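Letter by letter, the sequence shown follows residues 407 to 585 of our numbering. For reference, the structure is listed below as structure tokens.
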Amino acid sequence: MLIPEALITEAAACVQRLQQQGLKVSFAESCTGGLLAFVFSCVPGVSNVLFSSVVTYAIRSKHSILGVPQQEIDKYGVVSEEIAGMMAENVLKTLEDVDIAVSITGIAGATAHFTSQAPAVMDPETGVVHIGLAKRGSKAQTFRHDWEHLTRFEVQKAVVQKAIGLLALAASSQAQLGC
Numbered sequence: 407m408l409i410p411e412a413l414i415t416e417a418a419a420c421v422q423r424l425q426q427q428g429l430k431v432s433f434a435e436s437c438t439g440g441l442l443a444f445v446f447s448c449v450p451g452v453s454n455v456l457f458s459s460v461v462t463y464a465i466r467s468k469h470s471i472l473g474v475p476q477q478e479i480d481k482y483g484v485v486s487e488e489i490a491g492m493m494a495e496n497v498l499k500t501l502e503d504v505d506i507a508v509s510i511t512g513i514a515g516a517t518a519h520f521t522s523q524a525p526a527v528m529d530p531e532t533g534v535v536h537i538g539l540a541k542r543g544s545k546a547q548t549f550r551h552d553w554e555h556l557t558r559f560e561v562q563k564a565v566v567q568k569a570i571g572l573l574a575l576a577a578s579s580q581a582q583l584g585c
């Protein structure tokens, strides 16, 4: 599994834009397993903009690490725009040095299995991913994407590429985000 050079190039452009705006970013990743942070870490100078990253892969970690209320997870399901938004907003609540937070939650591949030990998942579709993006002083925006016909790694790469694009837009002065 190789990381496409184009993905790192996109991350480098995003890092440059964040630096120009004097912004710090943090990530809360689930189904990408830290791939967004890894791609960013390949860029020289990223330490000027990347404050932190956490992988909250297990459902419980979204509550215990990010402070997403368990009743909200039970209500909406962990793969939802509501939870993606809360993940990003809670990063900003926790880390006062961060200007923008990106969160990712979804089902990247067909090998995902859920049992009665994970009742919070409400029958999500494979390949459905929600990206949350919160800027300090604003409510989180969320973006749903469906990559049902891709492999697990293809979904992860597509999510990272989309997240980089959204983050680059958010780093632009007063840019409106779109799908």
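The beta-carbon is built from N, C-alpha and C at its ideal position, and this holds for glycine as well. Given the structure is predicted, the values throughout are model-derived calculations rather than measurements.
If we count the other Cβ atoms within 10 Å of its Cβ and call it buried at 16 or more, is Thr521 buried or exposed? As a working mapping, residue 521 is identified with position 115 in the sequence shown. With a pLDDT of only 46 at Thr521, under the threshold of 50, the placement of this residue in the model should not be trusted, and no figure is reported.
Give every residue of the same chain whose Cβ lies closer than 6 Å to the Cβ of Ala417, excluding the five residues on either side of it in the sequence, and list them in chain order. Within the sequence shown, residue 417 is the residue found at index 11, counting from 1. Correct list, in chain order: Val445, Phe446, Val449 and Ile570.
Using the three-state DSSP reduction, which class does Glu502 fall into: helix, strand or coil? Here residue 502 corresponds to residue number 96 of the sequence shown, with the count starting at 1. Reduced to three states, the DSSP call for Glu502 is coil.
Please report the residue range of the alpha helix (DSSP H) in which Lys563 lies. Counted from its first residue, the sequence shown places residue 563 at position 157. Segment Arg558 to Ala577, the alpha helix (DSSP H) holding Lys563.
How far does the beta strand (DSSP E) with Ile537 in it extend, from its first residue to its last? As a working mapping, residue 537 is identified with position 131 in the sequence shown. Counting along the chain, the beta strand (DSSP E) containing Ile537 begins and ends at Val534 to Lys541.
Could you have a look at Ala514 and say whether DSSP puts it in helix, strand or coil? Here residue 514 refers to the residue found at position 108 of the sequence shown. The answer is coil: DSSP assigns Ala514 none of H, G, I, E or B.
So, using beta-carbon positions, are Pro410 and Lys563 closer together than 8 Å? On the sequence shown, residue 410 is found 4 positions in, with the first residue counted as 1. On the sequence shown, residue 563 is found 157 positions in, with the first residue counted as 1. In this structure, Lys563 lies closer than 8 Å to Pro410 by Cβ.
Cβ pair Ala490, Thr548 closer than 8 Å: Reading the sequence shown from its first residue, position 84 is the one you call residue 490. Reading the sequence shown from its first residue, position 142 is the one you call residue 548. In contact: Ala490 and Thr548 (Cβ atoms closer than 8 Å).
Taking 8 Å as the cut-off, does the segment 415-432 touch the segment 493-512 (at least 3 CB pairs, one atom from each stretch)? yes
Is Ser459 helix, strand or coil by DSSP? Along the sequence shown, read from residue 1 onward, the residue named residue 459 stands at position 53. Note: Ser459 maps to strand in three-state DSSP.
How many angstroms separate the CA atom of Glu495 from the CA atom of Leu408? As a first step, residue 495 is located in the sequence shown; it is residue number 89 there, counting from the start. As a first step, residue 408 is located in the sequence shown; it is residue number 2 there, counting from the start. Each residue's alpha carbon lies about 32 Å from the other.
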